[in-house]
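A.B. asks: The sequence shown: position 72 = 71 (numbering that gives the first Met the number 0), numbered continuously.
Even glycine gets a Cβ: it sits at the ideal position worked out from N, Cα and C.
Computed from a predicted structure; not experimentally measured.
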Amino acid sequence: MAFHRKNWFLQHVSEFMLVVLVISSGIVLAMNSGGFLLDFNRIGFTVMSTMSKYVYIVSDTVVDSVNSVKELADLKKKYEELSEKLKDYEYMRRNNVEIREENERLREQLDFSRSIDQRNIVSQIIARDVNNTYSSLTIDRGSKNGIRKNMPVIAVQNGNIGIVGKVVTVGYSTSMIMPLYSTQCNISARIQKTRDIGLATGMGAVDGTLSLQYIRNKLQNDIQDGDIVVTSGENDNYMRDIPIGTISSVSPLDYDSSLSIEIAPIIDFARLETVIVVDQSAPNVTRVDVQ
Numbered sequence: 000m001a002f003h004r005k006n007w008f009l010q011h012v013s014e015f016m017l018v019v020l021v022i023s024s025g026i027v028l029a030m031n032s033g034g035f036l037l038d039f040n041r042i043g044f045t046v047m048s049t050m051s052k053y054v055y056i057v058s059d060t061v062v063d064s065v066n067s068v069k070e071l072a073d074l075k076k077k078y079e080e081l082s083e084k085l086k087d088y089e090y091m092r093r094n095n096v097e098i099r100e101e102n103e104r105l106r107e108q109l110d111f112s113r114s115i116d117q118r119n120i121v122s123q124i125i126a127r128d129v130n131n132t133y134s135s136l137t138i139d140r141g142s143k144n145g146i147r148k149n150m151p152v153i154a155v156q157n158g159n160i161g162i163v164g165k166v167v168t169v170g171y172s173t174s175m176i177m178p179l180y181s182t183q184c185n186i187s188a189r190i191q192k193t194r195d196i197g198l199a200t201g202m203g204a205v206d207g208t209l210s211l212q213y214i215r216n217k218l219q220n221d222i223q224d225g226d227i228v229v230t231s232g233e234n235d236n237y238m239r240d241i242p243i244g245t246i247s248s249v250s251p252l253d254y255d256s257s258l259s260i261e262i263a264p265i266i267d268f269a270r271l272e273t274v275i276v277v278d279q280s281a282p283n284v285t286r287v288d289v290q
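What follows is the structure in structure tokens.
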């Protein structure tokens, strides 16, 4: 076996030496002609330029990433600032709408108060007692403003004039009103179409109906839902022909000669904010004709 290996080596060693001599000769020739050195320079340039290229790419990517993070933080800050400004804008817009609506309501009340014959005091409701038996409204005007007990109170709401009630308690700077829906409130009323007189009484609920009593049974066919009921002006408790409400139901009573009539108040008491207290004993010195 060893003999065979020795023969194989001897047979191929000459071939190996021939390959080594050929390679060596090529290298020497290349060095003598400068080709090897030129290739080395090219290789070095290629390696260095490639490294520079990738270093630039990496550094540029890092810079872009840092800038992107900074821009993102700036955008987030601007977004938060704009969000706050938007909230402020919405708040101001809502306030402006509320202020305009309040101004419209006050202008409506003031225009009406200047158009009526009697002296009057425009007042704001500042408190409510919604007890079903003894309901009341408190206003921000009192004796120092010329308000006295039993003065009638009216209002203008959405262009509609209506009776509110009357003053029952007077303080120096505030007063208490007994509203129309109170069970203690009774107003001499007249059906505008038929001119029949009855008594309008509250039923205790701020958003409920009123009762119109003492209207004769035989008038049932003459009365319809939607007919307007106004103050009669008798006994000088309230001015004449101020709307109270509209008839919402009519039915006969078996045990009585009168009809059972319900009235829907023309004033929405749950939304009422401003009222006008009327002094029927004095003329309105600021009266103007409102067209």
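#1: At 3 residues or longer, what runs of the beta strand (DSSP E) sit wholly inside the region 183-266?
#2: Skipping 5 residues on each side, what residues in its chain have a beta carbon closer than 6 Å to that of Q191?
#3: Am I right that A199 and I186 are in contact with their C-beta atoms under 8 Å? What's the rounded C-beta distance?
#4: Taking 8 Å as the threshold (C-beta atoms), are S122 and I138 in contact?
#5: Within a Cβ cutoff of 8 Å, which residues of the same chain sit near K148, ignoring the five residues on either side of it in sequence?
#6: Which residues in the same chain have their Cβ closer than 6 Å to the Cβ of I125, if we skip the five residues on either side of it in sequence?
#7: Output the distance between the C-alpha atoms of I153 and S256, rounded to the nearest integer angstrom.
#8: Where DSSP assigns a beta bridge to K165, which residues make up the other side?
#9: Note down the Cα distance separating S174 from G141, rounded to an integer number of angstroms.
#10: Looking only at its chain, what residues have a beta carbon closer than 8 Å to the beta carbon of L37, apart from the 5 residues adjacent to it on each side?
#11: Near Q156, which residues of its chain fall below 7 Å by C-beta distance, leaving aside the five closest residues on each side in sequence?
#12: So, helix, strand or coil for L85, using DSSP?
#13: Give me the Cα-Cα distance between T273 and D195, rounded to the nearest whole angstrom.
#14: Is it buried or exposed, S231, if we count other Cβ atoms within 10 angstroms and call 16 or more buried?
#15: Would D278 and R118 qualify as a contact pair, given that the criterion is a beta-carbon distance under 8 Å?
#16: Using three-state DSSP, classify L36 as helix, strand or coil.
#17: On the three-state DSSP scale, how would you describe S112?
#18: Within the continuous beta strand (DSSP E) that includes V129, where are the two ends?
C.D. replies: To lay it out plainly:
#1: 185-190, 196-201, 209-212, 227-230, 242-251 and 258-264
#2: The residue given as residue 191 occupies position 192 in the sequence shown. Hits under 6 Å: I227 and V229.
#3: For the purposes of this step, residue 199 is taken as the residue at position 200 of the sequence shown. For the purposes of this step, residue 186 is taken as the residue at position 187 of the sequence shown. Confirmed, about 5 Å.
#4: As a working note, residue 138 is residue 139 in the sequence shown. As a working note, residue 122 is residue 123 in the sequence shown. It is a contact, given that the beta carbons lie within the stated cut-off.
#5: For this step, residue 148 is matched to residue 149 along the sequence shown. Excluding residues within five positions, the ones whose Cβ falls inside 8 Å are V166, V167, T168 and V169.
#6: Your numbering for residue 125 matches position 126 in the sequence shown. Answer for I125: T137 and D139, listed in chain order.
#7: Position 154 of the sequence shown, counted from the start, is the residue given in the question as residue 153. Position 257 of the sequence shown, counted from the start, is the residue given in the question as residue 256. Approximately 32 Å, taken between the alpha carbons.
#8: As a working mapping, residue 165 is identified with position 166 in the sequence shown. BP columns for K165 point to P151 and M177.
#9: Taking the sequence shown and counting its residues from 1, the one referred to as residue 174 is at position 175. Taking the sequence shown and counting its residues from 1, the one referred to as residue 141 is at position 142. Roughly 5 Å between the two C-alpha positions.
#10: Along the sequence shown, read from residue 1 onward, the residue named residue 37 stands at position 38. With a pLDDT of 44 at L37, under the threshold of 50, the modelled position of that residue is not reliable, and no figure is offered here.
#11: By one-based count along the sequence shown, residue 156 stands at place 157. Around Q156: I266, D267 and L271.
#12: Locating residue 85 in the sequence shown gives position 86, where the first residue counts as 1. Three-state DSSP puts L85 in a helix.
#13: Within the sequence shown, the letter at position 274 stands for residue 273. Within the sequence shown, the letter at position 196 stands for residue 195. Going by the C-alpha atoms only, they are around 31 Å apart.
#14: Residue 231 sits at position 232 when you count from the first residue of the sequence shown. Buried, since its Cβ has 16 or more Cβ neighbours within 10 Å.
#15: Start at 1 with the first residue of the sequence shown, and residue 278 comes out as number 279. Start at 1 with the first residue of the sequence shown, and residue 118 comes out as number 119. Taking 8 Å as the Cβ cut-off, D278 and R118 qualify as a contacting pair.
#16: For the purposes of this step, residue 36 is taken as residue 37 along the sequence shown, with counting starting at 1. Caution is warranted here: a pLDDT of 45 is assigned to L36, below 50, making its placement in the model unreliable, and the coordinate value is therefore given only provisionally. DSSP places L36 in helix when its eight states are reduced to three.
#17: The sequence position of residue 112 within the sequence shown is 113, counting from 1. Helix, per DSSP.
#18: Numbered from 1 along the sequence shown, position 130 holds the residue referred to as residue 129. Counting along the chain, V129 falls outside any beta strand (DSSP E), and DSSP gives it neither H nor E.
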